[in-house]
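Asks: Sharing a structure below in structure tokens format, with a few things to ask.
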Amino acid sequence: MRRSADAVELITAFIAAVVGGLALTTPISLAWTRGTATLEMELLAHNLPRATAIGFIVAVIAAVFTCTADSAVVAWLVALFGTVVLLINHTISRGFSALAPLTTLNDIDSLAGGMLLGGLMTAAGRHMVYAGAATLGALTSIVIGDLSVPGIGHPIAPDVPAGFVTDSPPLWLLWPTVALVLVCALLNRHRRRESVIGVELPLRPILAALLILLITLGSSEWLAHRGTTLIEVLLIAALTVVTVLVGALLLPGRDGVIVVLSTAIAASGGAIVVTALSGWTVPLLLGATVGGMLLGMARPLPLVGLAATAALSAFAAATARPEGPTPAATITGCLLLALITGYCFGTAQPIQSPSKVLALSLLYVPGVVVALRGRIFGGELDIQRRYVDPDRLLAAVPGLTAIFITGGCALAVVLLYRLRPEKPETESADSSRPVAR
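Residue numbers for the sequence shown follow the working numbering, beginning at 926 and rising by one.
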């Protein structure tokens, strides 16, 4: 009986994280946009990054709240509430999409997805295997969100989960997720949490989330609309590193390490993933991510993860071309990115679930390199024409910027290790770390 319950919790942790991540990655169903005015579609696209950031702030708040509860069922109930709101939004709102603004429906999706992900990360955090499954599910949603949908009649169209992309999260996945989360809440209704944060509502993780997400989003929006020189790009990149370091210092113990690693991964990923992914790459990317997580748990070395991230950014800069990277370079870069991402999330195990939620948020919210790519695509970034091949240099700027950010993140990790002791600051924090059994 206990093994069956463990299996249910493991499956639920993965599937629910996929659903929560999809609600934040693709917060509105594209099927609802038929007949929508062009202006409303533009407003929806403009609002997407902000809705994602707000959703993750809610996720951090939910994770902080559930960490203070002494009953395990509270975290599952918070996750259940978010899942039910998602289900209602995707069931009822489809018929009212012509009346309610799409941005409003989008915001509801993001807030509910944040509630689901925040509660789930705390609920799964009691066991290393469950925590790993939830992390893998969140990373899987990013991969699915980057999928491309072939046109009608395309020979591989039946093999691609188009419903994930155009109707995310799909109803056929939401219904069983609600049932699974409800079952897990019932299974844990009498279980007490092994450790509870001793503060009524710790504000430092929430302040860290507000600081990092708002400045990251604000600086990337400024760069996308106003930044035109390489000096401005470097200043925004430096501001990103400093902001992440300050936010990491607000987190307990060495929890900030995973946030710093995630910042470097996001920068490198923005330089690597420049085209939509095909459906056949999903199993390969998931396998690489799982392999990286296992390797990271076996050999936890954060600086090695940063070195690999810097090498990947250099690969992105070296293979960049004005007409775009070759398919071989893109696939190779994506596989290496999945491997390194898994390694970094395996090597830095945070003490508290809000820290992991904050680290995941940096992979969802558009950062400096993503904004930089949009600036280059629009032809509005100035490069001196005295260089031998200015167009090639322009294409390599995202990779070079990612190297700069990764170098700053390496200095931030070294500083964190010097300022924070090897053991967690409090006994409660130490005992709340996920355990393997």
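We put the CB at the ideal spot given by N, CA and C, even for glycine.
By DSSP, does R1317 sit in helix, in strand, or in coil?
Replies: R1317 falls in the helix class under three-state DSSP.
Asks: Mind checking D995: buried by the 16 CB within 10 Å criterion, or exposed?
Replies: Counting Cβ neighbours within 10 Å, D995 comes out exposed, since fewer than 16 surround it.
Asks: Identify every residue that forms a DSSP beta bridge with L1202.
Replies: Beta-bridge pairing links L1202 to L1072.
Asks: Buried or exposed for G1078, please, with buried defined as at least 16 other CB atoms from any protein chain shown within 10 angstroms of its CB.
Replies: Summary for G1078: the model assigns pLDDT 42, below 50, so the residue's position carries little reliability; its value from the coordinates is reported in the next sentence. The residue in question, G1078, is exposed, as its Cβ has fewer than 16 Cβ neighbours within 10 Å.
Asks: Beta-carbon separation of L1260 and A1213 under 8 Å?
Replies: Yes, Cβ-Cβ distance for L1260 and A1213 is below 8 Å.
Asks: Could you name the residues of the same chain whose beta carbon sits closer than 6 Å to that of R1116, not counting the 5 residues immediately before and after it, in chain order?
Replies: Result list for R1116: A997, in chain order.
Asks: Quick check on DSSP: helix, strand or coil for H1052?
Replies: Strand, per DSSP.
Asks: Helix, strand or coil for R1179? Go by DSSP, reduced to three states.
Replies: Reduced to three states, the DSSP call for R1179 is coil.
Asks: Would you say T1102 and T977 are within 8 Å of each other, going by their C-beta atoms?
Replies: No, these two residues do not count as a Cβ contact at 8 Å.
Asks: Note down the Cα distance separating D931 from H1052, rounded to an integer number of angstroms.
Replies: Whole-angstrom Cα-Cα distance: 10 Å.
Asks: Just checking, does the stretch 1325-1335 make contact with the stretch 1156-1175 on the three C-beta pairs under 8 Å criterion?
Replies: Short answer: they touch.
Asks: Does the separation of the CB atoms of G1038 and G1195 fall below 8 Å?
Replies: The answer is no: Cβ separation not under 8 Å.
Asks: For P1346, count neighbouring Cβ atoms within 10 angstroms of its own Cβ and tell me buried if that reaches 16, exposed if not.
Replies: By the 10 Å Cβ count, P1346 comes out exposed.
Asks: Over the uninterrupted alpha helix (DSSP H) stretch that includes G1150, give me the two end residues.
Replies: A small correction: the amino acid at residue 1150 is His; Gly does not occupy that position in the sequence shown. First-last of the alpha helix (DSSP H) with H1150: 1129-1150.
Asks: Answer yes or no: do I1183 and S1286 have a C-beta to C-beta separation smaller than 8 Å?
Replies: Contact flag unset, no.
Asks: Does the stretch 1264-1273 come within contact of the stretch 1226-1238, defined as at least 3 CB pairs closer than 8 Å?
Replies: Result yes; three or more Cβ-Cβ pairs closer than 8 Å.
Asks: Using the Cβ count rule (16 or more neighbours within 10 Å means buried), how would you classify H1015?
Replies: Classification of H1015: buried, given that the 10 Å Cβ count is 16 or more.
Asks: Taking the Cβ atom as the reference point for each residue, do A1049 and A1056 lie within a distance shorter than 8 Å?
Replies: Result yes, Cβ atoms of A1049 and A1056 sit closer than 8 Å.
Asks: Thinking L1045 and A938 are a contact (beta carbons under 8 Å), I'd like their distance in whole angstroms, please.
Replies: Correct: roughly 7 Å between the Cβ atoms.
Asks: So what does DSSP say about R1117, is it helix, strand or coil?
Replies: If DSSP states are grouped into helix, strand and coil, R1117 belongs with the strands.
Asks: Count the other CB atoms, across all protein chains shown, that sit within 10 Å of the CB of I1156; report buried if there are 16 or more and exposed otherwise.
Replies: So I1156 ends up on the exposed side.
Asks: Could you pull out every residue in the same chain whose Cβ sits closer than 6 Å to the Cβ of L1170, ignoring the five residues on either side in sequence?
Replies: Excluding sequence neighbours, L1170 sits near A1337.
Asks: Rounded to the nearest angstrom, what separates I940 and G946 at their Cα positions?
Replies: Straight-line Cα distance between these residues: approximately 10 Å.
Asks: Can you tell me the Cβ-Cβ gap for A942 and L1096, rounded? I've got them flagged as a contact below 8 Å.
Replies: Their Cβ separation, rounded to whole angstroms, is 18 Å, which puts A942 and L1096 out of contact at 8 Å.
Asks: Spatial neighbours of F1302 within its chain, please: CB distance less than 7 Å, with the 5 preceding and 5 following residues excluded, ordered by chain position.
Replies: Because the pLDDT at F1302 is just 48, under 50, the model does not fix this residue reliably, and the point stays unresolved.
Asks: Can you list, in chain order, the residues of its chain whose CB lies under 6 Å from that of P1247, leaving out five sequence neighbours each side?
Replies: Excluding positions up to five away in sequence, the list reads D1316, A1320.
Asks: Could you pull the start and end residues of the alpha helix (DSSP H) that T1102 belongs to?
Replies: Where T1102 is concerned, the enclosing alpha helix (DSSP H) stretches over 1096-1112.
Asks: With a 10 Å radius around its C-beta and 16 neighbouring C-beta atoms as the bar for buried, classify L1128 as buried or exposed.
Replies: Exposed.
Asks: State the Cα-Cα distance for the pair Q1326 and L1105, rounded to the nearest angstrom.
Replies: Here the sequence assigns Thr to residue 1326, which means Gln is not the residue at that position. Going from the Cα of T1326 to the Cα of L1105 covers about 43 Å.
Asks: Counting C-beta neighbours from all protein chains within 10 Å, is the total for I982 16 or more, i.e. buried, or is it exposed?
Replies: Buried: at least 16 other Cβ atoms inside 10 Å.
Asks: Could you compute how far the alpha carbon of T1141 sits from the alpha carbon of S929?
Replies: About 42 Å.
Asks: Starting from S1286, trace the alpha helix (DSSP H) in both directions and tell me its first and last residue.
Replies: First-last of the alpha helix (DSSP H) with S1286: 1278-1289.
Asks: In three-state DSSP terms, what is P1080?
Replies: Residue confidence is low: P1080 scores 42 on pLDDT, short of 50, so the model does not pin down where it sits. No coordinate-derived value is stated.
Asks: Would you please state the rounded distance, in angstroms, between the beta carbons of L969 and T1028? I believe it to be under 8 Å.
Replies: With a Cβ gap of about 6 Å, L969 and T1028 count as contacting.
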